[in-house]
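The block underneath contains the structure these notes are about, expressed in structure tokens.
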Amino acid sequence: MPQVAHPAFLVMGAYATYVLAGYGVDPLLAGLLLMPVFFVFGLGVYQFYYSTFEGRGSDQGLRGIAFFFGVAFIVQVGLILVFGVDQQLVDASYIGTSVEFGEMRIPKRMLVAFGVALALTSALALYFSRTFTGRAIRAVAQDEGALRLMGADPVRIKRWAFGIATATCALAGALLIIVGPVDPNVDRLYIGRTFCVVVLGGLGSMSGTLVAGLILGIAESVVLTTAGTAWAPAVAFGILLVVLGVRPAGLFGR
Amino acid sequence: MKRFLIGALAVLALAASMPLIFHNEYFFFAGYVVLQFIVLATAWNILGGYAGYVNFGSGAFFAVGAYTAVALYKAFALPLGLQILAGAAASGLLGFGVGMLTLRLRGIFFSIATIAVAIVLETVVLNWHYVGGAKGLPIMRPVETPFFASHTVWLFFVMAALAVLAVGAARYIETSWIGRGLRAIRDNEVAAECSGVPTLKLKLGAATLSGALMGAAGAPYAQYLSFIEPASTFSLNYAVNALAMPIIGGMGHWIGPVIGAVLLGSVQQIVTVTISSEINVLVVGVMLVVFVVAAPEGILGLFRKLFPSRKS
Numbered sequence: 004m005p006q007v008a009h010p011a012f013l014v015m016g017a018y019a020t021y022v023l024a025g026y027g028v029d030p031l032l033a034g035l036l037l038m039p040v041f042f043v044f045g046l047g048v049y050q051f052y053y054s055t056f057e058g059r060g061s062d063q064g065l066r067g068i069a070f071f072f073g074v075a076f077i078v079q080v081g082l083i084l085v086f087g088v089d090q091q092l093v094d095a096s097y098i099g100t101s102v103e104f105g106e107m108r109i110p111k112r113m114l115v116a117f118g119v120a121l122a123l124t125s126a127l128a129l130y131f132s133r134t135f136t137g138r139a140i141r142a143v144a145q146d147e148g149a150l151r152l153m154g155a156d157p158v159r160i161k162r163w164a165f166g167i168a169t170a171t172c173a174l175a176g177a178l179l180i181i182v183g184p185v186d187p188n189v190d191r192l193y194i195g196r197t198f199c200v201v202v203l204g205g206l207g208s209m210s211g212t213l214v215a216g217l218i219l220g221i222a223e224s225v226v227l228t229t230a231g232t233a234w235a236p237a238v239a240f241g242i243l244l245v246v247l248g249v250r251p252a253g254l255f256g257r
Numbered sequence: 035m036k037r038f039l040i041g042a043l044a045v046l047a048l049a050a051s052m053p054l055i056f057h058n059e060y061f062f063f064a065g066y067v068v069l070q071f072i073v074l075a076t077a078w079n080i081l082g083g084y085a086g087y088v089n090f091g092s093g094a095f096f097a098v099g100a101y102t103a104v105a106l107y108k109a110f111a112l113p114l115g116l117q118i119l120a121g122a123a124a125s126g127l128l129g130f131g132v133g134m135l136t137l138r139l140r141g142i143f144f145s146i147a148t149i150a151v152a153i154v155l156e157t158v159v160l161n162w163h164y165v166g167g168a169k170g171l172p173i174m175r176p177v178e179t180p181f182f183a184s185h186t187v188w189l190f191f192v193m194a195a196l197a198v199l200a201v202g203a204a205r206y207i208e209t210s211w212i213g214r215g216l217r218a219i220r221d222n223e224v225a226a227e228c229s230g231v232p233t234l235k236l237k238l239g240a241a242t243l244s245g246a247l248m249g250a251a252g253a254p255y256a257q258y259l260s261f262i263e264p265a266s267t268f269s270l271n272y273a274v275n276a277l278a279m280p281i282i283g284g285m286g287h288w289i290g291p292v293i294g295a296v297l298l299g300s301v302q303q304i305v306t307v308t309i310s311s312e313i314n315v316l317v318v319g320v321m322l323v324v325f326v327v328a329a330p331e332g333i334l335g336l337f338r339k340l341f342p343s344r345k346s
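Heads up: the protein sequence lines correspond to chains X and V, in order. Numbers in the numbering used here are just positions in the first sequence, counted from 1, shifted up by 3. Numbers in the numbering used here are just positions in the second sequence, counted from 1, shifted up by 34.
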């Protein structure tokens, strides 16, 4: 499915966390609270997408992409109109303090974000490998027709998957604003990082996604310290272009 | 073909006689933008509308044309005609390169790669100090422009000629075997390949031509503004507009992008002047989504529904 609006949902999650944090809610808790809301929102978006494009079945590829691109654009401009182009940040007890390990100082917010991200990814990996619905989601990506023959409804499965993906955006958005300030234009950078990690790891491979995320993070830090901040945005996209050209299946793809 | 040629010449003559009717410089300033969008939308349509490959990086192709022209102007003071040719060549090469990398893959990968190219190139230009880097670079306009009332009027005419050229090229492709091949790719790529359509060659050709036209549209940009700066040149607005205009106008026919560009371009000029430029951007996004959902065949499709007897 040509879901290119995902990074926009991520930034939306960050801003929703920001709004909740304004009422004194802990940002992490806010992210968790937002998950069911985003889940339902995702179900709605998919249902709309399905009934207007997939259901009709006519030339869905191009218009589907254009649709999600337009949605992402509206989200971005909407956020600019409501919150302005300034960077926003949140406050919590674990933001701004750090833990010392001998010589090293690690900011607590990074540890929190790392822990939650790891837990979330592990939970998703378990979900996709152990539960029936999780396996069905992976199956629908491979062969819709076969899934239908097995007695599962591909549309329901895809709607469910879309909901989960959107709910993940809520928590990821909360982590994003915990780690650093957020402005409406960052989704353009995250579209590159997202696709870079997914393509480098191999589509559909959870462990590959973790490894690719690490590789990209290290590569960006190395470029950041050696070539300067101005070059950092190009890293993710550079890797993405190289992977697309050399090995489109990714590191762990089949 | 003959009728189209006469029409094209008439449009050019009209553009040349505009200064006799309008004396307000702003008309040409705004008209230039609309014409520029006609070129961009038509170029996008060659790959997007005919072959079904979505380019999200129109801004990058546009900017490559603009920055090639600026670099050559600064280095050798090349005249505008050569700047446009060089800009078109550079962007065409870029289109070919991106096509080589990704057109063998599924369509969505091409779309993502074009976003990637846009960001990588923007970063490169931000760090390229010869053409001003992030600060931008002021460009001196030539003092005199023979035969034309002012430099803006001259650029307006140049862009009108480019628009006619772009639409002519698109129309030629649409009516020839190339267009048939591209449409076959859009409808079913595997079937097209099996029936002997040279799919990769056609896609590469379309990507090159589409890129070259976008580059040509970008080449006079610095002269038009007397200034160039990366953020506005690589702006996402170009990408969104280049994609929204053909979809809103109608993608199957060469007149579709022209209708979309004239309509959206004029609306945007009016909204920017009367309300605000942020709202103007929002208008484009909302119109894109509304049309994709409610009128997938664009304005042309609506027109055909209203007058079903008319065959086109």
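All C-beta atoms in this analysis are idealised placements derived from N, C-alpha and C, irrespective of residue type, glycine included.
Along the region 55-79 of chain V, where does the CB come closer than 8 Å to a CB of chain X? Name the residues. Contact residues of the region 55-79 of chain V toward chain X are absent (C-beta to C-beta distance below 8 Å).
In this structure, does DSSP put LEU171 of chain V in helix, strand or coil? The residue you call residue 171 of chain V lines up with position 137 of the second sequence. Here LEU171 of chain V sits in strand by DSSP.
Use the C-beta contact count for SER346 of chain V: other C-beta atoms within 10 angstroms, 16 or more gives buried, fewer gives exposed. Along the second sequence, one-based indexing puts residue 346 of chain V at 312. Low confidence applies to SER346 of chain V: its pLDDT is 47, below 50, so where it sits in the model is not reliable, and the reading given next is rough at best. Exposed is the call here.
Tell me the rounded alpha-carbon separation between VAL98 of chain V and GLY118 of chain X. The sequence position of residue 98 of chain V within the second sequence is 64, counting from 1. The sequence position of residue 118 of chain X within the first sequence is 115, counting from 1. Near 42 Å, if we compare the C-alpha coordinates of GLY118 of chain X and VAL98 of chain V.
Cross-strand partners of PHE104 of chain X (DSSP beta bridge): Counted from its first residue, the first sequence places residue 104 of chain X at position 101. BP columns for PHE104 of chain X point to X:MET107.
Grouping DSSP H, G and I as helix and E and B as strand, with all else coil, what is PHE261 of chain V? To locate residue 261 of chain V, count along the second sequence from 1; it is residue 227. The DSSP-derived three-state label of PHE261 of chain V is strand.
Distance check for VAL67 of chain V and ILE309 of chain V, CA to CA, integer angstroms please. Indexing the second sequence from 1 puts residue 309 of chain V at position 275. Indexing the second sequence from 1 puts residue 67 of chain V at position 33. Their Cα atoms are separated by approximately 18 Å.
Which of the three DSSP states, helix, strand or coil, is assigned to VAL88 of chain V? The sequence position of residue 88 of chain V within the second sequence is 54, counting from 1. Coil at VAL88 of chain V, not helix or strand.
Assign GLU331 of chain V to buried or exposed, taking buried as 16 or more other Cβ atoms, counted over all protein chains shown, within 10 Å of its Cβ. Taking the second sequence and counting its residues from 1, the one referred to as residue 331 of chain V is at position 297. Taking a 10 Å sphere around the C-beta of GLU331 of chain V, we find 16 or more other C-beta atoms and assign the residue as buried.
Pick out whichever of X:ALA173, X:LEU217, X:GLY211 and X:ALA126 has its Cα sitting closest to the Cα of LEU31 of chain X. Taking the first sequence and counting its residues from 1, one reaches residue 31 of chain X at position 28. Ranked by Cα distance from LEU31 of chain X, the first of X:ALA173, X:LEU217, X:GLY211 and X:ALA126 is X:ALA173.
So GLY319 of chain V and GLY73 of chain X are supposed to be a Cβ contact under 8 Å. How far apart are they, rounded? By 1-based counting over the second sequence, the position of residue 319 of chain V is 285. By 1-based counting over the first sequence, the position of residue 73 of chain X is 70. GLY73 of chain X and GLY319 of chain V do touch by the CB rule: their CB atoms are close to 5 Å apart, below 8 Å.
Helix, strand or coil: which one does DSSP assign to GLN91 of chain X? The residue labelled residue 91 of chain X in the question sits at position 88 within the first sequence. Correct three-state label for GLN91 of chain X: strand.
Return helix, strand or coil for VAL85 of chain X, following the three-state DSSP convention. Translated into the one-based positions of the first sequence, residue 85 of chain X becomes position 82. Of the three classes helix, strand and coil, the one that applies to VAL85 of chain X here is helix, per DSSP.
Looking at the unbroken alpha helix (DSSP H) that takes in ASN275 of chain V, where does it start and where does it end? On the second sequence, position 241 is the one that residue 275 of chain V refers to. ASN275 of chain V -> alpha helix (DSSP H) spans 270-283.
Residues from the region 232-251 of chain X in contact with chain V, defined by Cβ distance under 7 Å: So the close ones are ALA233, TRP234, PRO236, ALA237, PHE240, GLY241, LEU243, LEU244, LEU247, GLY248 and PRO251.
Where do the ends of the alpha helix (DSSP H) carrying HIS185 of chain V lie? For the purposes of this step, residue 185 of chain V is taken as residue 151 along the second sequence, with counting starting at 1. Its alpha helix (DSSP H) spans residues 185-209.
Just list the residues that DSSP pairs VAL185 of chain X with in beta bridges. Along the first sequence, one-based indexing puts residue 185 of chain X at 182. According to the DSSP secondary-structure assignment, VAL185 of chain X is paired through a beta bridge with X:GLN91.
7 Å Cβ cut-off: residues of chain X touching ASN161 of chain V: Locating residue 161 of chain V in the second sequence gives position 127, counting from the first residue. Near ASN161 of chain V (Cβ distances below 7 Å), the residues of chain X are ALA233 and TRP234.
Host alpha helix (DSSP H) of ILE55 of chain V (start-end): Locating residue 55 of chain V in the second sequence gives position 21, counting from the first residue. Residues 36-55.
Are there 16 or more other CB atoms within 10 angstroms of the CB of ILE262 of chain V, so buried, or fewer, so exposed? If you number the second sequence from 1, residue 262 of chain V lands on position 228. Burial is judged here by how many other beta carbons sit within 10 angstroms of a residue's own beta carbon; ILE262 of chain V has at least 16 and is buried.
Given 8 Å as the limit, is there contact between the region 155-175 of chain X and the region 38-49 of chain X, that is, 3 or more CB pairs closer than that? Short answer: they touch.
Using the rule of at least 16 other Cβ atoms within 10 Å of the residue's Cβ for burial, across every protein chain shown, is TYR26 of chain X buried or exposed? If you number the first sequence from 1, residue 26 of chain X lands on position 23. An exposed status is given to TYR26 of chain X, since fewer than 16 other beta-carbon atoms sit within 10 Å of its beta-carbon.
For VAL88 of chain V versus LEU247 of chain V, is the C-beta distance shorter than 8 Å? For this step, residue 88 of chain V is matched to residue 54 along the second sequence. For this step, residue 247 of chain V is matched to residue 213 along the second sequence. Result no, Cβ atoms of VAL88 of chain V and LEU247 of chain V do not sit closer than 8 Å.
Please state the DSSP three-state secondary structure of GLU59 of chain V. Walking along the second sequence from the start, residue 59 of chain V turns up at place 25. In the three-state DSSP reduction, GLU59 of chain V falls in the helix class (H, G or I).
Express the C-alpha separation of ALA120 of chain X and LEU178 of chain X in angstroms, rounding to a whole number. The count along the first sequence starts at 1 and reaches residue 178 of chain X at position 175. The count along the first sequence starts at 1 and reaches residue 120 of chain X at position 117. So the two alpha carbons sit approximately 8 Å from each other.
Flag this pair as touching only if the region 44-59 of chain X and the region 273-283 of chain V have three or more C-beta atom pairs under 8 Å; answer yes or no. Contact annotation: the region 44-59 of chain X does not touch the region 273-283 of chain V, with fewer than three C-beta pairs closer than 8 Å.
Would you say LEU65 of chain X lies against chain V (beta-carbon separation less than 8 Å)? To locate residue 65 of chain X, count along the first sequence from 1; it is residue 62. Chain V contact via Cβ: present.
Our contact map puts PRO187 of chain X next to VAL14 of chain X with C-beta atoms below 8 Å; I'd like the distance itself, whole angstroms only. Here residue 187 of chain X refers to the residue found at position 184 when the first sequence is read from its first residue. Here residue 14 of chain X refers to the residue found at position 11 when the first sequence is read from its first residue. That belief holds up - the Cβ atoms of PRO187 of chain X and VAL14 of chain X are roughly 6 Å apart, short of 8 Å.
Within chain X, the residues that GLU263 of chain V reaches when beta carbons sit closer than 9 Å: Start at 1 with the first residue of the second sequence, and residue 263 of chain V comes out as number 229. Scanning chain X for C-beta atoms nearer than 9 Å to the C-beta of GLU263 of chain V yields nothing, as the closest lies near 15 Å away.
Cβ closer than 7 Å: which chain V residues qualify as neighbours of ALA69 of chain X? Within the first sequence, numbered from 1, the residue matching residue 69 of chain X stands at position 66. By Cβ distance, chain V contributes VAL88, LEU277, ILE281, LEU322 and VAL326.
Using 7 Å as the cut-off, classify the Cβ of ALA152 of chain V as near or not near the heavy atoms of the ligand NAP, replying yes or no. Among the components modelled here there is no ligand, and therefore nothing to report on the ligand NAP.
Please name the residue in X:ALA24, X:LEU65, X:ARG162 and X:VAL102 whose C-alpha comes closest to that of GLY83 of chain V. Your numbering for residue 83 of chain V matches position 49 in the second sequence. For GLY83 of chain V, the closest C-alpha among the options X:ALA24, X:LEU65, X:ARG162 and X:VAL102 is that of X:LEU65.
Within 10 Å of its beta-carbon, does ILE55 of chain V have 16 or more other beta-carbons around it, so buried, or fewer, so exposed? As a working note, residue 55 of chain V is residue 21 in the second sequence. Per the 10 Å Cβ criterion, exposed.
Should the region 206-217 of chain V be called in touch with the region 234-248 of chain V, which here means at least 3 C-beta pairs below 8 Å? Segment contact: the region 206-217 of chain V against the region 234-248 of chain V, three or more CB-CB distances shorter than 8 Å; contact assigned.
Contacting residues, own chain, Cβ-Cβ under 6 Å from ALA253 of chain V (five flanking each side not counted): Here the question's residue 253 of chain V lines up with position 219 in the second sequence. Result list for ALA253 of chain V: GLY99, ALA103, GLN117, ILE118 and GLY121, in chain order.
Under 9 Å by beta carbon: chain V residues contacting THR55 of chain X: Here residue 55 of chain X refers to the residue found at position 52 of the first sequence. Those within 9 Å of THR55 of chain X in chain V are VAL326, VAL327, ALA328 and PRO330.
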